[in-house]
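Engineer: Mind looking over this structure? Questions follow.
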Amino acid sequence: EGDPKKGLSDHPRAGFFATVHDWVAAGCTPDIREKNYKEYSTRFWEALCGESRIGKKVKKPDFDKDGKTSLAEAHAYVVLRSDTIDIPIKTSDVFLRKFSSLTPPKDAKEKAEPESFCLVGEELKELVKGASRESKAVANGLSRKLSLNQPKRHEEAKKLLETLKKKRASIVAEKKKHDEERGKLKRSLAARLRKKWPELKNFHHPTVISLYRTANADEVKQTVDGDGSWKRYQELTTKSREKEKERFAIEKKEVLVMRLIRELETIALEKNLPLVADQETVKRFEKLTELEHVILPD
């Protein structure tokens, strides 16, 4: 029923999803060209099949070197390779965030001792000890992509994320200035054209069509660009588009950092689960990860 108040279902189910619940997913596009599809499922099935949507052969991920590709390995492949704004997740990630903890319990009666807890802020080489092969691959692979190399990787990633957020905010502010000036020019040019040709208020008027003709082109151009307004409008349009490209590039880099932070936290949460949860909960988690590591038949 999807009601968390009723506890866990008796039938464990594992799923893989494009992104977290509070983040916009990439992939919805009117583009009919398959080569342009970059959503989660494209990369996921590419990893499992060893072939892209358009028939290009790709190397199937095999992080544990068993000669096969599990669902979890395909998911890790997406996290590493997907060039979108998605933050891919799997069921066990959500499970851990519900039942585990990144900090020791405050209640002294709890069985976990603070010193036995895995802290996400510890050095990477210690953090990834005992982690799954795919988690190690994601943590190390994303670190390389982002050129992160400090021992305390979580802290380094957090700092980078804040830097990128500030940079993106600055770009957004610059773009807004261009767009505001462009908007004023657009309204001014529209008013200028309607003053000279009042018929333009009705888009279906014959005059509208006539203005597209070569004979009237010079007059229209003189009206809108006699003082350089149209040229300035075009310049602002170009600048706005450039800023949007910059913003999007920064956002995609932010997402890579967010994926890394999430993976590092998942590793710590998995280590801490037995320290804060009962045996039944731990067994349910183990069953989930078993399902996530299923290998589809050829």
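For any residue, its number in this note's numbering is found by taking its place in the sequence shown, counting from 1, and adding 1057.
Even glycine gets a Cβ: it sits at the ideal position worked out from N, Cα and C.
1. Report all residues from its chain with a CB closer than 8 Å to the CB of L1159; omit the five preceding and five following residues, and keep chain order.
2. Quick one: residues in its chain with C-beta nearer than 8 Å to the C-beta of G1072, no 5 flanking neighbours on either side, listed in chain order?
3. For D1067 and N1206, I'd like the C-alpha separation in whole angstroms.
4. What's the C-alpha gap between F1156 and K1233?
5. Where in the segment 1250-1334 do unbroken runs of the alpha helix (DSSP H), each at least 4 residues long, occur, reported from the N-terminal end onward?
6. Could you spell out the range, first to last residue, of the alpha helix (DSSP H) harbouring V1195?
7. If you draw a straight line from the C-alpha of E1276 to the C-alpha of D1236, how long is it?
8. Please list the terminal residues of the continuous alpha helix (DSSP H) segment that includes F1156.
9. Given 7 Å as the limit, tell me if E1343 has its C-beta closer than that to any heavy atom belonging to the ligand SAH.
10. From what residue to what residue does the alpha helix (DSSP H) around F1101 run?
11. With H, G and I counted as helix, E and B as strand and the rest as coil, what does DSSP make of K1209?
12. Mind checking which residues open and close the alpha helix (DSSP H) that includes E1349?
13. State the Cα-Cα distance for the pair G1059 and H1078, rounded to the nearest angstrom.
14. Among all the DSSP beta bridges, which residues are the ones paired with F1074?
15. Within its chain, find whatever has a CB closer than 7 Å to the CB of S1356; leave out the 5 residues flanking it on each side and keep chain order.
16. In three-state terms, what does DSSP make of A1165?
17. Roughly how many whole angstroms lie between the Cα atoms of G1344 and E1096?
Structural biologist: A quick look at the data gives this:
1. L1176, V1177, E1322, A1325, L1326 and N1329
2. So the list reads K1147 and T1148, once near-sequence residues are dropped.
3. 43 Å
4. 43 Å
5. 1263-1267, 1271-1282 and 1286-1333
6. Here the alpha helix (DSSP H) through V1195 covers R1190 to K1202.
7. 27 Å
8. T1148 to F1156
9. Because no ligand of any kind appears in the structure shown, any question about the ligand SAH cannot be addressed here.
10. Residues Y1097 to C1106.
11. coil
12. Q1336 to E1349
13. 14 Å
14. I1146
15. Residue 1356 lies beyond the residue range present for the chain, which begins at 1058 and ends at 1355; the question has no answer from this structure.
16. In this prediction, A1165 has a pLDDT of 48, which is less than 50 and means its spatial position is unreliable; nothing more can be read from the coordinates.
17. In the sequence as displayed, the identity of residue 1344 is Lys instead of Gly. Each residue's Cα considered, the two are about 28 Å apart.
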